[in-house]
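Below: the structure, in structure tokens.
Number of protein chains: 2
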Amino acid sequence: MIERSKSTDNQMTTEEKIMNAASLVFMKKGMDGARMQEIADEAGINKALLHYYFRNKEKLFEAVFKRAFDKLMPPLLEVFNSDIPILEKIPRFLNLHVTFLRENPNAPQFILFEIQRNPQMIMEFFAPLIHSGVIDQFKEGVQKSIEKGEIRPIDPIHLLVNIISMSVFPMVARNLIMEFAPFSPTEFDQFMEERKTSVSQFIIKSL
Amino acid sequence: MIERSKSTDNQMTTEEKIMNAASLVFMKKGMDGARMQEIADEAGINKALLHYYFRNKEKLFEAVFKRAFDKLMPPLLEVFNSDIPILEKIPRFLNLHVTFLRENPNAPQFILFEIQRNPQMIMEFFAPLIHSGVIDQFKEGVQKSIEKGEIRPIDPIHLLVNIISMSVFPMVARNLIMEFAPFSPTEFDQFMEERKTSVSQFIIKSL
DNA sequence: GTCTATAGCGGGATAGAC
DNA sequence: GTCTATCCCGCTATAGAC
Numbered sequence: 001m002i003e004r005s006k007s008t009d010n011q012m013t014t015e016e017k018i019m020n021a022a023s024l025v026f027m028k029k030g031m032d033g034a035r036m037q038e039i040a041d042e043a044g045i046n047k048a049l050l051h052y053y054f055r056n057k058e059k060l061f062e063a064v065f066k067r068a069f070d071k072l073m074p075p076l077l078e079v080f081n082s083d084i085p086i087l088e089k090i091p092r093f094l095n096l097h098v099t100f101l102r103e104n105p106n107a108p109q110f111i112l113f114e115i116q117r118n119p120q121m122i123m124e125f126f127a128p129l130i131h132s133g134v135i136d137q138f139k140e141g142v143q144k145s146i147e148k149g150e151i152r153p154i155d156p157i158h159l160l161v162n163i164i165s166m167s168v169f170p171m172v173a174r175n176l177i178m179e180f181a182p183f184s185p186t187e188f189d190q191f192m193e194e195r196k197t198s199v200s201q202f203i204i205k206s207l
Numbered sequence: 208m209i210e211r212s213k214s215t216d217n218q219m220t221t222e223e224k225i226m227n228a229a230s231l232v233f234m235k236k237g238m239d240g241a242r243m244q245e246i247a248d249e250a251g252i253n254k255a256l257l258h259y260y261f262r263n264k265e266k267l268f269e270a271v272f273k274r275a276f277d278k279l280m281p282p283l284l285e286v287f288n289s290d291i292p293i294l295e296k297i298p299r300f301l302n303l304h305v306t307f308l309r310e311n312p313n314a315p316q317f318i319l320f321e322i323q324r325n326p327q328m329i330m331e332f333f334a335p336l337i338h339s340g341v342i343d344q345f346k347e348g349v350q351k352s353i354e355k356g357e358i359r360p361i362d363p364i365h366l367l368v369n370i371i372s373m374s375v376f377p378m379v380a381r382n383l384i385m386e387f388a389p390f391s392p393t394e395f396d397q398f399m400e401e402r403k404t405s406v407s408q409f410i411i412k413s414l
């Protein structure tokens with residue numbers, strides 16, 4: 001007997017079923033490792049229907065990537081673009097991000113790998129973001145805080161990379177961490193919950 | 208005219224040529240995305256020879272993975288297993304690690320992705336490491352430092368994850384960072400060089 | 001819109017000459 | 001050991017009935 005995930009059951013449209021199934025499979029296996037058959041099975045429909053709704057594998061993949069990207073970015077921008085002082089941005093960012101990651105555990109790994117596989121996709125998706133001036137705004141915010149004496153002098157890019165590293169990387173390496181710590185899935189979840197405050201403290205102490 | 212990398216030229220054995228070519232291709236494309244034909248071209252030999260030296264793609268892949276793993280781990284263990292105090296371990300670790308990563312830029316991404324693709328491989332490679340007691344030794348080292356008042360109270364696992372996150376993640380996300388910062392390849396290299404001291408300071412200040 | 005059946009080809013693997 | 005030629009399976013994609 002075959003176990004189906006919820007993608008099949010309720011009254012979702014076929015297109016939604018496909019998107020959910022494709023997300024699941026693509027995120028786990030990547031573009032190259034994913035099989036259209038597996039996506040169809042996961043969605044509880046036939047392979048040919050995938051081509052009916054999305055012309056081909058590439059197009060389906062792009063739709064999945066775009067959806068993940070659009071879910072991930074707005075909350076991040078909201079925090080970094082806001083006018084609140086840097087010391088408050090950090091815990092807010094961590095909160096949002098860790099929450100998102102718990103719901104989409106494979107998203108970062110997936111996005112990072114596909115960027116390396118097909119770097120030109122960076123431009124398509126990230127270009128508007130890059131030219132929106134978020135980074136410059138972050139840099140200025142840090143500079144001001146330094147001048148006011150709120151934090152010690154530090155290169156804003158190194159700070160930004162530190163913040164993102166400590167939030168994102170543990171999810172990318174979660175299988176490894178679970179083996180080494182060792183953690184059960186529940187314990188790992190708790191570990192990530194702890195990091196919301198733990199990492200905030202760690203960063204603030206360092207500034 | 209086809210441009211070949213150095214893999215072809217000098218007096219390496221055929222097996223070495225294959226290993227180098229396979230490393231290059233597998234690290235960039237992953238197991239699923241890599242093509243035996245591309246590896247053969249990169250090595251400047253015929254596809255059939257790959258099967259002569261390594262029975263099949265899977266075996267060749269495992270050889271590549273093992274070599275990357277064996278190059279990565281010993282230096283890390285050397286630092287974490289040593290008896291030097293935690294505050295000295297950190298800059299030493301960063302030095303070694305950043306140096307290794309500059310020579311093998313795709314290794315972490317590759318290892319992390321393949322672990323998720325085929326988790327049982329974690330056990331084969333990491334099991335001896337996990338049972339060697341490195342982690343416990345690290346935990347004890349941190350506890351002692353806390354008791355002596357050398358560092359503030361902190362969960363050793365969170366500390367360890369922070370250290371590794373800040374060293375490894377920037378390399379995993381380097382395409383992204385290069386677009387956002389923005390950095391040329393040379394500037395990114397310099398950025399990583401800066402992190403040797405920048406991250407050491409960041410961590411030590413926080414403790 | 002959804003299915004079954006099948007075309008068409010890319011790519012891993014092998015046979016066999018040299 | 002190294003090559004050319006070829007097999008054959010798996011997978012994407014399409015044709016066409018309902």
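Read top to bottom, the protein sequences are chains A and B.
Mapped onto this note's numbering, the consecutive letters of the first sequence carry residue numbers 1 to 207.
Mapped onto this note's numbering, the consecutive letters of the second sequence carry residue numbers 208 to 414.
Positions of the beta carbon are idealized from the N, C-alpha and C atoms, including for glycine.
Computed from a predicted model, the values in this text were never measured in an experiment.
Helix, strand or coil at residue i according to DSSP, with G and I counted as helix
| i | result |
| --- | --- |
| residue 313 (chain B) | coil |
| residue 3 (chain A) | Its pLDDT being 47, under 50, residue 3 (chain A) is placed unreliably by the model, and nothing is read from it. |
| residue 219 (chain A) | There is no way to answer for residue 219 (chain A), as the model of chain A reaches only from 1 to 207. |
| residue 245 (chain B) | helix |
| residue 218 (chain B) | coil |
| residue 111 (chain A) | helix |
| residue 151 (chain A) | coil |
| residue 389 (chain B) | coil |
| residue 230 (chain A) | The structure shown has nothing for residue 230 (chain A), since chain A only spans 1 to 207. |
| residue 159 (chain A) | helix |
| residue 289 (chain B) | coil |
| residue 206 (chain A) | helix |
| residue 55 (chain A) | coil |
| residue 406 (chain B) | helix |
| residue 22 (chain A) | helix |
| residue 118 (chain A) | coil |
| residue 173 (chain A) | coil |
| residue 146 (chain A) | helix |
| residue 33 (chain A) | helix |
| residue 253 (chain B) | coil |
Closest Cα partner of residue i within the set the options
| i | options | result |
| --- | --- | --- |
| residue 85 (chain A) | A:20, A:144, A:181, A:112 | A:144 |
| residue 412 (chain B) | A:152, A:168, A:20, A:167 | A:152 |
| residue 294 (chain B) | B:283, B:267, B:369, B:349 | B:349 |
| residue 112 (chain A) | A:97, A:168, A:94, A:186 | A:168 |
| residue 62 (chain A) | A:149, A:110, A:139 | A:110 |
| residue 322 (chain B) | A:175, A:201, A:37 | A:175 |
| residue 204 (chain B) | B:281, B:355, B:299, B:393 | No statement about residue 204 (chain B) is possible, as the shown extent of chain B runs from 208 to 414 and does not include it. |
| residue 79 (chain A) | A:50, A:95, A:150 | A:95 |
| residue 306 (chain B) | B:238, B:325, B:283 | B:283 |
| residue 19 (chain A) | A:50, A:11, A:31, A:29 | A:50 |
| residue 288 (chain B) | B:392, B:346, B:379 | B:346 |
| residue 221 (chain B) | B:325, B:406, B:235, B:255 | B:255 |
| residue 368 (chain B) | A:16, A:92, A:202 | A:202 |
| residue 325 (chain B) | A:17, A:185, A:29 | A:29 |
| residue 267 (chain B) | B:353, B:299, B:223 | B:223 |
| residue 272 (chain B) | B:328, B:296, B:218, B:357 | B:328 |
| residue 92 (chain A) | A:185, A:164, A:187 | A:164 |
| residue 89 (chain A) | A:137, A:123, A:11, A:184 | A:137 |
| residue 149 (chain A) | A:134, A:108, A:207, A:123 | A:207 |
**Prompt:** In chain order, what residues of the stretch 381-397 of chain B put their CB closer than 8 Å to some CB of chain A?
**Reply:** Answer in chain order: 382, 383, 384, 386, 387, 388, 389.
Closer than 8 Å is the cut-off here; do at least three beta carbon pairs connect the stretch 179-194 of chain A with the stretch 352-368 of chain B? Taking 8 Å as the limit for Cβ pairs, the verdict is that the stretch 352-368 of chain B does touch the stretch 179-194 of chain A.
- Under 8 Å (Cβ pairs) to chain A, residues found in the stretch 287-318 of chain B: Taking 8 Å as the Cβ-Cβ cut-off against chain A, the residues of the stretch 287-318 of chain B that qualify are 313, 316.
Checklist entry - Is the stretch 245-252 of chain B touching the stretch 215-233 of chain B, taking contact as three or more C-beta pairs under 8 Å? => result By the Cβ rule, the stretch 245-252 of chain B counts as touching the stretch 215-233 of chain B, because three or more pairs are nearer than 8 Å.
**Prompt:** Which of the residues in the stretch 129-143 of chain A, read from start to end, lie with their CB under 7 Å from any CB of chain B?
**Reply:** Using a CB distance below 7 Å, the part of the stretch 129-143 of chain A facing chain B consists of 130, 135, ordered along the chain.
Given 8 Å, three or more beta-carbon pairs between the stretch 263-278 of chain B and the stretch 195-204 of chain A = Here the stretch 263-278 of chain B does not lie against the stretch 195-204 of chain A, with fewer than 3 beta-carbon pairs under 8 Å apart.
Next on the checklist: Across the stretch 320-340 of chain B and the stretch 176-183 of chain A, are there enough close Cβ pairs to call them in contact, namely three or more that are closer than 8 Å?
Outcome noted: A contact exists between the stretch 320-340 of chain B and the stretch 176-183 of chain A.
Under 8 Å, with one C-beta from each stretch per pair, do the stretch 88-106 of chain A and the stretch 43-57 of chain A reach the 3-pair mark?
Between the stretch 88-106 of chain A and the stretch 43-57 of chain A, the count of Cβ pairs shorter than 8 Å is below three; the stretches do not touch.
inquiry  = Please list, in chain order, the residues of the stretch 322-337 of chain B that have any C-beta partner in chain A closer than 9 Å.
reply    = Taking a C-beta cut-off of 9 Å against chain A, the contacting residues of the stretch 322-337 of chain B are 322, 323, 324, 326, 329, 330, 333, 334, 336, 337, listed in chain order.
* To do: Determine which residues of the stretch 367-379 of chain B have a Cβ less than 8 Å from any Cβ of chain A, and write them out in chain order.
  => Within the stretch 367-379 of chain B, those residues whose Cβ lies closer than 8 Å to any Cβ of chain A are, in chain order, 368, 369, 371, 372, 373, 375, 376, 377, 379.
Worksheet entry | Against chain B: residues of the stretch 15-37 of chain A by CB proximity under 9 Å | Listed in sequence order: 28, 29, 30, 31, 32, 33, 34.
Please identify, using Cβ separations under 9 Å, the residues of the stretch 193-207 of chain A that lie next to chain B, in order along the chain. For the stretch 193-207 of chain A, the set of residues with a beta-carbon nearer than 9 Å to any beta-carbon of chain B comprises 194, 195, 198, 199, 201, 202, 203, 204, 205, 206, 207, in chain order.
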